[in-house]
Amino acid sequence: MLEFHLGTILFQLVTFLILMLLVSRFAVRPLLGVMKKRQDYIDEQITAAEKNREEAEKLVAEQREALETARREAREIIDRAKKQKEREAEEIIRQAQERAERMINEATAQITREKEKALADLRDEVGRLSVLLAAKVLEKELDAEEQSKLVGRYLEQVGELQ
């Protein structure tokens with residue numbers, strides 16, 4: 021049956037321990053070192069990925085803010101342009117009204133001048149014709165002084181009729 025020899029058991033135990041030390045030293049430690057490096061590399065990649073994600077989220081937030089700022093500035097520019105357009109339109113209308121008033125005033129003044137000139141010409145013509153008529157009626161020639169007096173009286177009468 022089974023016999024146990026203490027010498028064989030001790031020899032096998034010592035051989036097993038030596039083998040375990042050798043495997044531990046030359047196989048397990050390097051394998052653990054490689055696994056540790058691999059774990060560190062993975063941790064670094066995860067940390068870098070998280071950092072990149074945070075930076076990307078930050079950039080997206082900044083881009084959204086910049087876009088909103090650009091939209092707000094565009095609205096302000098449009099509003100300013102509309103107000104400027106309204107001011108310019110009001111100024112053009114005001115200038116046109118002033119010009120129209122000026123033209124009306126000038127036309128009225130010119131009409132008044134033309135009327136006064138026409139009346140003066142008419143008075144002169146009526147005075148001349150009256151003198152000729154009076155001269156024919158009286159059949160005599162009036163001298164310059166009498167003619168001037170007669171024209172003056174007639175012009176006074178014509179002025180009173182108006």
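In the working numbering, the protein residues as written are 21 to 182. Heads up, the beta-carbon is just placed ideally off N, CA and C, and yes, glycines get one too. Computed from a prediction, not measured in an experiment: that's the story for all the values here.
Worksheet item: Exposed or buried, what is V43 when buried is set at 16 or more other beta-carbons lying within 10 Å of its beta-carbon?
Response: exposed
Worksheet item: Are the stretch 102-113 and the stretch 133-141 touching, with three or more C-beta to C-beta distances below 8 angstroms?
Response: Contact between the stretch 102-113 and the stretch 133-141 is absent, with fewer than three C-beta pairs closer than 8 angstroms.
Worksheet entry | Collapsed DSSP secondary structure at E82 in the structure displayed | helix
Discussion item. Closer than 8 angstroms is the cut-off here; do at least three beta carbon pairs connect the stretch 111-129 with the stretch 138-150?
Written reply: Touching, no, given that fewer than three Cβ pairs across the two stretches are closer than 8 angstroms.
Worksheet item: What's the C-alpha gap between K169 and R148?
Response: 12 angstroms
Item to complete: Could you tell me if V171 is buried or exposed, where buried requires 16 or more neighbouring beta carbons within 10 angstroms of its beta carbon?
Response: buried
Worksheet item: Any idea what DSSP makes of F3, helix, strand or coil?
Response: A question about residue 3 goes unanswered here, because the residues of the chain that appear run from 21 up to 182.
Worksheet entry | Coarse secondary structure for F31, derived from DSSP in three states | Of the three classes helix, strand and coil, the one that applies to F31 here is helix, per DSSP.
Worksheet entry | Nearest to V146 (by Cα), restricted to the options A129, Y174, A94 | V146 has its Cα closest to that of Y174, out of A129, Y174, A94.
Practice prompt. Whole angstroms is fine: what's the gap from E74's alpha carbon to R91's?
Written response: Straight-line spacing of the CA atoms in E74 and R91 works out to 26 angstroms.
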